[in-house]
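Reading through the structure tokens given below for one structure.
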Amino acid sequence: MRIELKNVSFAYGAYGKRRRKKEASSSVPAVLREIGLTIGKGEMLAVAGKSGSGKSTFTQLLKGFLSPTEGELLLDGVNPHTAKRPELFDRVGYIFQYPEHQLFAATVFEDIAFGLQHAGLTPEAKEAQVRAAMTAVGLDDDAFASRSPFELSGGEKRRAAIAGVIVLEPDVLILDEPTAGLDLPSRQALFELLHRLNRENGMTILWVSHQLDEILEHASRLIALKDGRFVADGHPARLLSDPQLLAAFGWEEPPALAIRRMLGDGPVLPESVEETAQRIARRYAERSNPVLLS
Ligand SMILES: Nc1ncnc2c1ncn2[C@@H]1O[C@H](COP(=O)(O)OP(=O)(O)O)[C@@H](O)[C@H]1O
Ligand SMILES: [Mg+2]
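Quick note on the working numbering: the sequence shown kicks off at 345 and runs consecutively.
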């Protein structure tokens, strides 16, 4: 699914004032201002910006929880608000920050199956879909299906919540700060899952993050929000090696890029720590060989 924002502005408290747009936008400070952006199918896109910069507001607009005060949002060329096609937003899966707070059912199975209750599936088809979603998030164990979601670990709870969204097979998955409060193994498992959904299902993955290392490693595009506008949009390795951009956001250069810069290599494709280590080893070998020969 292609998402387009055309000149989108948003101000809280401006509802019901579309007919008096000018008045509304001048009296309420806009959180998002004149945003023009296209998100293509299958992107791995990170959204960054300071706290309070409007990241959550932006993602909620994409899911249709909020509608633009000005401008328009198009999903595959259709404005779901004006075309009265809110069901188009069903193609967008949304994972709130701390999604584990949304778990509510008596068992993990029932929690994940909740979104399918009106899908008109036979019990067998429903069970198959829930099990497939559980397998996808790595909760593939008969014991998990009947356990209370409240007894799971933090990482497992988050995976159960994600399963409840991907069971609906969305085209786009939006996650608001999905790694907040997760330990390293849980973060790694989460990104393995997101990459798999992206690779195998062509799912667009858009997530909000404060972790520059994480963005560098996992995103193929970074958009950075400041004062209601996306002031940077491009490849993370390129953007995050720009001293001016780093200064504008008060960000520290990610260690992987700093090491690469010290090694004298320009910004290239994002590299894992392993790749960087290999590069250092190669450089070391190049330099030490003449010494060994002499
Ligand atoms: N429901 C709301 N009503 C009024 N103002 C809000 C609401 N939610 C967020 N805001 C304000 O909008 C701005 C952007 O908030 P938010 O989108 O949550 O930022 P971020 O996710 O980047 O931290 C902040 O100034 C915040 O106080
Ligand atoms: Mg937020």
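Note that beta-carbon positions come from the ideal geometry of N, C-alpha and C, so glycine has one too. Just so we're clear, the structure is a prediction, and the values are computed from it rather than from any experiment.
Three-state secondary structure assigned by DSSP to residue i
i: Gly498; result: helix
i: Tyr438; result: strand
i: Asn545; result: helix
i: Phe488; result: helix
i: Arg604; result: helix
i: Ala504; result: helix
i: Thr523; result: coil
i: Phe448; result: coil
i: Val372; result: coil
i: Ala427; result: coil
i: Glu561; result: helix
i: Leu584; result: coil
i: Gln555; result: coil
i: Glu618; result: helix
i: Gly384; result: coil
i: Glu454; result: helix
i: Glu334; result: The first residue shown for the chain is 345 and the last is 638, placing residue 334 beyond what the model contains.
i: Ala463; result: coil
8 Å Cβ shell around residue i - same chain, five flanking residues per side excluded
i: Met345; result: Lys385, Leu419, Asp420, Arg435, Val436, Asp515, Val516 and Thr548
i: Leu601; result: Leu560, Ala581, Leu584, Ser585 and Pro611
i: Tyr442; result: Ala524 and Gly525
i: Leu389; result: Ile383, Thr548, Ile549, Leu550, Trp551, Ala563, Ser564, Arg565, Leu566 and Ile567
i: Ile624; result: Ile603 and Leu607
i: Glu596; result: Leu556 and Leu590
Cβ-Cβ separation, residue j to residue i (assumed contact under 8 Å), whole Å
i: Leu566; j: Ala392; result: 6 Å
i: Ile510; j: Leu541; result: 7 Å
i: Arg377; j: Arg573; result: 5 Å
i: Gly415; j: Val352; result: 4 Å
i: Leu483; j: Ala504; result: 6 Å
i: Ile379; j: Leu410; result: Rounded, the Cβ-Cβ distance is 13 Å, inconsistent with contact.
i: Val481; j: Ala507; result: 5 Å
i: Ala477; j: Ile456; result: 6 Å
i: Gly459; j: Pro430; result: Not a contact, Cβ separation roughly 16 Å.
i: Leu432; j: Ile347; result: That belief does not hold up - the Cβ atoms of Leu432 and Ile347 are roughly 10 Å apart, past 8 Å.
i: Pro522; j: Ile439; result: 6 Å
i: Gly498; j: Glu536; result: Rounded, the Cβ-Cβ distance is 17 Å, inconsistent with contact.
Sequence-distant residues of the same chain with beta carbon closer than 7 Å to residue i, five excluded per side
i: Ser397; result: Leu569 and Lys570
i: Arg491; result: Thr451 and Val452
i: Leu496; result: Ala504
i: Pro493; result: Leu447, Ala449, Val452, Asp455, Lys501 and Ala504
i: Leu637; result: Bear in mind that the predicted position of Leu637 carries a pLDDT of just 45, short of 50, making it too unreliable to give a figure here.
i: Arg531; result: Thr523
Where the alpha helix (DSSP H) containing residue i begins and where it ends
i: Leu512; result: Counting along the chain, Leu512 falls outside any alpha helix (DSSP H), and DSSP gives it neither H nor E.
i: Met478; result: Pro467 to Val481
i: Lys399; result: Lys399 to Lys407
i: Leu590; result: Pro587 to Phe593
Residue i: first and last residue of the uninterrupted beta strand (DSSP E) it sits in
i: Val575; result: Arg573 to Gly578
i: Phe354; result: Ile347 to Phe354
i: His410; result: The identity of residue 410 in the sequence shown is Leu, whereas the question assumes His. Run containing Leu410: none; DSSP gives neither H nor E here.
i: Leu389; result: Met388 to Gly393
Same chain, Cβ closer than 6 Å to residue i, five either side skipped, listed in chain order
i: Ser400; result: Asp520
i: Glu558; result: none
i: Gly546; result: Gly386
i: Ala576; result: Ala568, Leu583 and Leu589
i: Thr413; result: Ser353, Phe354, Ala355 and Ala358
Any C-beta of chain D under 7 Å from that of residue i
i: Arg435; result: No chain D appears in the structure shown, which is made up of a single protein chain.
- Could you say if the stretch 420–431 and the stretch 458–475 meet the contact criterion of at least three C-beta pairs nearer than 8 Å? no
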